[in-house]
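*Asks:* Structure below; questions to follow.
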Amino acid sequence: MIEARLRLPRDGFTLDVALSLPERGVSALFGPSGCGKTTVLRALAGLERAAGRVALGSEVWQDDAAGAFVPTHRRALGYVIQDAALFPHLDVQRNLDYGRRRIPPALRRIEPEQIVDLLGIAHLMRRRPDTLSGGERQRVAIARALATSPRLLLMDEPLAALDAQRKAEVLPYLDRLHAELAIPVVYVSHAVDEVARLAHHLVLLDRGRVVAAGPLADMMARLDLPTARGEGAGVVLDAVVAERDAPWQLARLQVGDGDFVLWARDHGLPVGSAVRVRVLARDVSLTRAPQTGTSIGNQLAGTVEAIADDEHAALALVRVRVGVVPVVARLTRRSAFALQLSPGQPVWAHVKTVALME
Amino acid sequence: MTPADWTAVRLTAQLAAWTTLLLLLVGTPVGWWLARTRSRLKPLWSAVVAMPIVLPPTVIGFYLLLLMGPQGPVGQLTQSLGLGRLPFTFAGLVVASVLYSMPFVVQPLQQAFEAIPARTLEAAATLRAGPFDRFFSVALPLARPGLLTAAVLGFAHTVGEFGVVLMIGGNIPGATRVLSVAIYDHVESTEFADAHRLAAAMVAFAMVVLVALYVVNRPARTDQSAAR
Chain A
18 MIEARLRLPR DGFTLDVALS LPERGVSALF GPSGCGKTTV LRALAGLERA
68 AGRVALGSEV WQDDAAGAFV PTHRRALGYV IQDAALFPHL DVQRNLDYGR
118 RRIPPALRRI EPEQIVDLLG IAHLMRRRPD TLSGGERQRV AIARALATSP
168 RLLLMDEPLA ALDAQRKAEV LPYLDRLHAE LAIPVVYVSH AVDEVARLAH
218 HLVLLDRGRV VAAGPLADMM ARLDLPTARG EGAGVVLDAV VAERDAPWQL
268 ARLQVGDGDF VLWARDHGLP VGSAVRVRVL ARDVSLTRAP QTGTSIGNQL
318 AGTVEAIADD EHAALALVRV RVGVVPVVAR LTRRSAFALQ LSPGQPVWAH
368 VKTVALME
Chain B
39 MTPADWTAVR LTAQLAAWTT LLLLLVGTPV GWWLARTRSR LKPLWSAVVA
89 MPIVLPPTVI GFYLLLLMGP QGPVGQLTQS LGLGRLPFTF AGLVVASVLY
139 SMPFVVQPLQ QAFEAIPART LEAAATLRAG PFDRFFSVAL PLARPGLLTA
189 AVLGFAHTVG EFGVVLMIGG NIPGATRVLS VAIYDHVEST EFADAHRLAA
239 AMVAFAMVVL VALYVVNRPA RTDQSAAR
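These protein sequences, in sequence, are chains A and B.
In terms of the numbering used here, the first sequence opens at residue 18 and continues consecutively.
In terms of the numbering used here, the second sequence opens at residue 39 and continues consecutively.
What follows is the structure, encoded as structure tokens:
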């Protein structure tokens, strides 16, 4: 476990958090700007001096009770920030070598070739940072951090400075990161799309406090959290490609063990591939009876589990359980009233769009 | 030019070289500290360093004379260490020049260090570089234009000083009679042709140095913020 108890007075509030993050996968710190998530990350790195304790497994980086504080340069971490902060006087190759040369050879677990290949930067090695595009710079910054074979990778909105196209360029590399390297990542973001795509564990912060924390899928299915507000609301599901329908270019995705099946556009993934699927609340509608004569191909029988008010007074959020898997739908309150929805009632959920993320 | 003038030229070059060398050694940590410190004493120390810009050279010369003289604390120290007295020696001139030219070296260095974003040095820390390592591998290379400016200004300013030299060094050929003093002597003795040769050479020297400096520092700094 990555454990941290941190306390630090900020403008207007006191940051006071206790974190317990899994030592594998991506943990996202999510919250509005100014909620203290960057400060938490900086304190984990030792760049900011908060009161408390920071430990990575059995390795203690800070323990005020014992008077222990390991300075940043002696912590086996990688740190990537929004604007890369590459060294402008060194070319890409020497930026990568900078950290690698500073760790003992015995601790170099990741080969530079692997990193260069993983992030697709082989053709950039002789270039100067100021000649790189934003996306390239960010990939070099990630590679530079990985070259120190860190035990923990800290990322502070690494995609925030990029436009949508560059984001789409970098995201697949981040996917591969945790697929190929077993390095835990703590990822700071205020973009729910990034979190839904990358995170396994989610910590919600607001004004310096932890609002809620838990596995991503559980958190996204909760109706009482800020993640259930806005256009990004919706569940994240783990699925397996069960069948590919070549004539219609569709793929059948199996969610869980039961009858939960979704048809989605075929992205060419082979049968058996594990995928992450995002079903937005706005793309789910509910009916009392199964429908015929509809264009929507995904109809799921389920049970209403919970109903909650949405941000706007006209809207409601409804959580439906399909087998054991929750799906969230966003309806008008009028529709919810007309359908006389209440917990325990059987309904049909119609899923218009399924976003495949891996 | 007379042999005495050549001696003055050589002496001036030696003085400026020693002064610049010592100033880079002393001024770099001072500039770094001033650029990075959050101490409340920063304005005070900035003012102390900047004093020679606003004070008449005679004031500095006068107090240095008192400090380094036989009764002054520095004078007592140098004598007890067996180094003799500093006033009217080449060494005394170097010490005075270091103090007098300090702001011209410290300020460009300080500005160069201040221009380095904190995040760049923090990135170095997260890449396992300790404080000294960060300074030599990141801060110094990035401050190179400032380092060059500091060296050139320190050298040129030492070559051009007169008042402090006259008060601390006097006018001893081969030991303290530098160019500016030699020109003064020529004018006093109405040797205008000799004065002219040296003065014109000084004008040319200053011009060449400053033009070179502006040419070298002209290219826009290619850091990441400028490229975006």
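Quick reminder that beta carbons are idealized off the backbone N, C-alpha and C, glycines included.
Check Q79 of chain A in the structure and name its three-state DSSP category.
*Replies:* Residue state, collapsed to three classes: strand.
*Asks:* Can you tell me which of the three DSSP states S37 of chain A falls into?
*Replies:* Here S37 of chain A sits in strand by DSSP.
*Asks:* Look at I138 of chain A and R156 of chain A and say whether their C-beta atoms are less than 8 Å apart.
*Replies:* Yes; because the gap between Cβ atoms is below 8 Å, this pair is in contact.
*Asks:* Do T58 of chain B and A189 of chain B come within 8 Å of each other at the CB atom, strictly closer than that value?
*Replies:* It is a contact, given that the beta carbons lie within the stated cut-off.
*Asks:* Return the first residue and the last residue of the alpha helix (DSSP H) that A185 of chain A is part of.
*Replies:* A185 of chain A -> alpha helix (DSSP H) spans A181 to E197.
*Asks:* Bridge partners for N315 of chain A per DSSP, in chain order?
*Replies:* According to DSSP, N315 of chain A bridges with A:V368.
*Asks:* Hey, is V254 of chain B's beta-carbon within less than 8 Å of any beta-carbon in chain A?
*Replies:* Not closer than 8 Å to any Cβ of chain A, the Cβ of V254 of chain B fails to qualify, so no.
*Asks:* Give every residue of the same chain whose Cβ lies closer than 6 Å to the Cβ of L297 of chain A, excluding the five residues on either side of it in the sequence, and list them in chain order.
*Replies:* These residues qualify, in order along the chain: G251.
*Asks:* Please check if any C-beta of chain B sits within less than 8 Å of the C-beta of F47 of chain A.
*Replies:* No, no contact with chain B.
*Asks:* Whose C-beta lies closer than 6 Å to the C-beta of L102 of chain B among residues of the same chain, with five residues either side of it excluded?
*Replies:* Around L102 of chain B: A134 and I206.
*Asks:* Between the Cα of S359 of chain A and those of A:G231, A:R336 and A:Q308, spot the shortest distance and give me the residue it belongs to.
*Replies:* Closest option to S359 of chain A, Cα to Cα, is A:R336.
*Asks:* Can you tell which of A:H140, A:A185, A:A93 and A:A123 has its C-alpha closest to the C-alpha of T164 of chain B?
*Replies:* Cα-wise, what sits closest to T164 of chain B is A:A93.
*Asks:* Where do the N-terminal and C-terminal ends of the alpha helix (DSSP H) with V143 of chain B fall, by residue?
*Replies:* That run of the alpha helix (DSSP H) goes F128 to E152.
*Asks:* Using C-beta distances below 6 Å, list every residue in its chain close to K369 of chain A, excluding the 5 sequence neighbours before and after it, in chain order.
*Replies:* Taken in chain order, the residues that qualify are D300 and I313.
*Asks:* Measure the alpha-carbon distance for G113 of chain B versus V71 of chain A and round it to whole angstroms.
*Replies:* Computed Cα separation, rounded: 55 Å.
*Asks:* Using a 10 Å radius around the Cβ and a threshold of 16 neighbouring Cβ atoms, would you call G29 of chain A buried or exposed?
*Replies:* Exposed, since its Cβ has fewer than 16 Cβ neighbours within 10 Å.
*Asks:* Would you say R76 of chain B faces chain A, with C-beta separation under 8 Å as the test?
*Replies:* Output row for R76 of chain B: interface = no.
*Asks:* Could you check the C-alpha separation between W78 of chain A and R166 of chain B for me, to the nearest Å?
*Replies:* Distance between the alpha carbons of W78 of chain A and R166 of chain B: 14 Å.
*Asks:* Does the CB of A62 of chain A have a neighbour CB from chain B at under 8 Å?
*Replies:* A62 of chain A counts as touching chain B.
*Asks:* So, helix, strand or coil for L94 of chain A, using DSSP?
*Replies:* Looking at L94 of chain A - three-state DSSP - the assignment turns out to be strand.
*Asks:* Would you kindly check if the distance between the Cβ of V205 of chain A and the Cβ of L58 of chain A is under 8 Å?
*Replies:* It is a contact, given that the beta carbons lie within the stated cut-off.
*Asks:* Output the boundary residues of the alpha helix (DSSP H) element that contains S352 of chain A.
*Replies:* Per DSSP, S352 of chain A belongs to the alpha helix (DSSP H) from R350 to A355.
*Asks:* Give me the Cα-Cα distance between L186 of chain B and W70 of chain B, rounded to the nearest whole angstrom.
*Replies:* Those two C-alpha atoms are separated by around 15 Å.
*Asks:* Which of helix, strand or coil does DSSP assign to H218 of chain A?
*Replies:* Of the three classes helix, strand and coil, the one that applies to H218 of chain A here is strand, per DSSP.
*Asks:* So R70 of chain A contacts chain B; which residues on that side make the cut at Cβ distance below 8 Å?
*Replies:* Under the 8 Å cutoff, chain B gives no residues; its nearest Cβ is about 20 Å from R70 of chain A.
*Asks:* Given this structure, state the Cα-to-Cα distance separating A35 of chain A from E76 of chain A, to the nearest angstrom.
*Replies:* Those two C-alpha atoms are separated by around 17 Å.
*Asks:* Would you tell me roughly how many angstroms separate the C-alpha atoms of D276 of chain A and R338 of chain A, rounded to the nearest one?
*Replies:* Distance between the alpha carbons of D276 of chain A and R338 of chain A is about 12 Å.
*Asks:* If I measure Cβ to Cβ from R256 of chain B and keep anything under 6 Å in the same chain, skipping five residues before and after, which residues do I get?
*Replies:* Excluding residues within five positions, none has a Cβ falling inside 6 Å.
*Asks:* Note down, in chain order, every chain B residue with its Cβ under 7 Å from the Cβ of G116 of chain A.
*Replies:* By Cβ distance, chain B contributes L165 and R166.
*Asks:* List the whole-angstrom C-beta distance separating L240 of chain A from A323 of chain A, where the pair is believed to meet the contact cut-off of C-beta under 8 Å.
*Replies:* Right, their Cβ atoms sit about 6 Å apart.
*Asks:* Using three-state DSSP, classify I19 of chain A as helix, strand or coil.
*Replies:* It is a strand residue.
*Asks:* With DSSP as the reference, label T164 of chain B as helix, strand or coil.
*Replies:* Residue state, collapsed to three classes: helix.
*Asks:* Are there 16 or more other CB atoms within 10 angstroms of the CB of S44 of chain A, so buried, or fewer, so exposed?
*Replies:* Its Cβ being crowded by 16 or more others within 10 Å, S44 of chain A is buried.
*Asks:* Can you check whether the CB of V344 of chain A is closer than 8 Å to the CB of E366 of chain A?
*Replies:* Here the sequence assigns Ala to residue 366 of chain A, which means Glu is not the residue at that position. Result yes, Cβ atoms of A366 of chain A and V344 of chain A sit closer than 8 Å.
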